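Protein chains in written order, with the numbering used here: chain R, 318 to 424; chain B, 269 to 384.
Take a look at the structure set out below.
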């Protein structure tokens with residue numbers, strides 16, 4: 318089956334940087350997504366990696382190493398509104414989600 | 269672009285009744301739509317994949333007679349929870365892709381179902 322692991326919770330200060338790691342073991346691989354989800358709302362797309370390396374998009378960056386089954390999402394210049402759950406999802410024959418990492422940003 | 273809507277956003281029903289949830293792609297034609305459910309503080313679990321004009325493909329452990337999915341057009345898929353029970357209470361989210369299974373999924377805002 319699919320196995321996608323990410324930390325449960327992280328706390329950081331406004332203006333700081335936080336890195337959310339995701340490791341995966343899946344039977345196939347066709348890309349890795351990161352989504353942001355606020356409580357009671359649907360996930361919103363943040364990034365997509367299918368090749369190794371770093372993808373930068375404003376304050377958010379995502380990295381992928383396929384050989385290591387590893388990705389991270391980097392959030393820079395944290396803002397209070399970044400407090401949310403961040404979901405790592407691997408596209409195999411279906412989109413399989415990790416349990417999510419709840420990030421709390423404190424003033 | 270690529271907006272997906274769901275209706276209703278919240279529904280409360282009595283045990284034993286059936287509830288229909290609609291998922292619409294507003295500004296694109298969705299070849300494939302997906303239905304997920306999410307329990308509190310848990311991740312999304314794929315329930316089924318539906319393609320317009322064909323039967324839905326259900327994930328292992330999901331009762332197809334319990335969760336009826338109809339994908340009648342390229343912009344509309346419906347999920348009907350039949351004879352709902354309290355354990356069916358959950359957050360149901362649909363998503364749609366522009367292309368096939370490998371494309372980016374655009375998520376609807378979700379439907380909170382509470383069965384009394």
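Here a beta-carbon is modelled for each residue, glycine too, at the ideal position from N, C-alpha and C.
As the structure is a prediction and not an experimental result, all values here were calculated from the model.
Determine the chain B residues that contact residue 414 of chain R at a beta-carbon separation under 7 angstroms, and present them in chain order.
Within chain B, the residues whose beta carbon sits less than 7 angstroms from that of residue 414 of chain R are 311, 312, listed in sequence order.
At 8 angstroms on the CB atoms, spell out the chain R contacts of residue 377 of chain B, in chain order.
358, 359
Work out the CA separation of residue 404 of chain R and residue 348 of chain R for me, nearest whole Å.
14 angstroms
Closer than 7 angstroms at the beta carbon, the chain B residues around residue 362 of chain R
372
Checking 8 angstroms against the spacing of the C-beta atoms, do residue 319 of chain R and residue 407 of chain R come in under that value?
yes
Along the beta strand (DSSP E) that carries residue 330 of chain R, what are the first and last residues, could you check?
Residues 326 to 330.
Please compile the residues from chain B whose C-beta is within a distance smaller than 7 angstroms of the C-beta of residue 417 of chain R.
311
Complete beta strand (DSSP E) runs within the region 332 to 385 of chain R (minimum length 3 residues, chain order)
For the region 332 to 385 of chain R, whole beta strand (DSSP E) runs of length 3 or above, ordered along the chain, are 335 to 342, 349 to 354, 361 to 366, 370 to 374, 377 to 382.
Evaluate contact between the region 352 to 360 of chain R and the region 277 to 290 of chain B, counting only Cβ atoms and requiring at least three cross-stretch pairs below 8 angstroms.
no
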